[in-house]
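Counting with mature numbering (1 follows the signal peptide of the UniProt record, and there is no 0), you get residues -17 to -1, 1 to 157 for the letters of the sequence shown.
All remarks here apply to the structure that follows.
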Amino acid sequence: MSPLVLLVCVGVVAVGADLAGVTVTDGDCLCVVGTGVNARDRPSGACSAREKELACELLRNPKIGLARVHPSGKTDNAYAYNNLRDMCNGLKASRSSYSCSECATGAPGGTVCLSEKVLEYLATLAQKYDDVYVTELAGACHSCSSLHYSGKAVDLRIPGTRAQRQGYLDTCKT
């Protein structure tokens, strides 16, 4: 298996990632949508009808694989599969609440609506590719200001070919 790199899409700018002096080569992609780093829930109410609809479509899509575990091995309800299942059932997605080296105070816990833009990004990837694998949405422990906690980021397992990796980035930028 060829080494893969962590690719980051921030808004419309694509960059390689070097986190804390360690070059990431595990094949995950982080696609960040939006500019806020606030990790708070929406003030009240349910997620939008469109967010719910997209979550249901993604959950049923055979081209999309959804993690049912965290890379850390921690157990909670905030796995990628559970995030989409809960949103499809009219609930908000769960966030993890454990600490890690990236955020000593810990992930915030609670719930959040997954961004329509992130959900649309995943739907677009599934239209273009036969095998899209989501490792994290709102769950796991990331940097304390991670956009995962506001439902605006997704971690993906990136396919092995350079063209596919570039395709994921190009799709994120549009």
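Built from N, CA and C at the ideal position, the CB exists for glycine as well.
Item	Value
One question on the structure: do Tyr81 and Ala90 come within less than 8 Å of each other, judged by their Cβ atoms?	yes
How long is the line joining the alpha carbons of Asp114 and Cys30, rounded to whole angstroms?	27 Å
Please go through the same chain and pick out, in chain order, the residues whose beta-carbon is closer than 7 Å to the beta-carbon of Ser126, but skip the five residues on each side of it.	Glu85 and Cys86
Please go through the same chain and pick out, in chain order, the residues whose beta-carbon is closer than 7 Å to the beta-carbon of Cys39, but skip the five residues on each side of it.	Cys71
Could you please give the first and the last residue of the uninterrupted alpha helix (DSSP H) stretch that includes Glu36?	Ala32 to Arg43
According to DSSP, is Thr144 helix, strand or coil?	coil
Please return the same chain residues whose Cβ sits closer than 7 Å to the Cβ of Tyr62, not counting the five positions on each side in sequence.	Ala50, Arg51, Val52, His53 and Gly122
From Arg25 to Val95, what does the alpha carbon distance come to, in whole angstroms?	Reliability fails at Arg25, whose pLDDT of 39 lies under 50, so the model's placement of it is uncertain and the value that follows must be treated cautiously. Each residue's alpha carbon lies about 7 Å from the other.
Over what stretch of residues does the beta strand (DSSP E) that includes Glu119 continue unbroken?	Val115 to Glu119
May I have the straight-line CA-CA distance separating Leu124 from Leu37, to the nearest angstrom?	Before going on, a small fix: residue 124 reads as Cys here, not Leu. One C-alpha to the other measures close to 25 Å.
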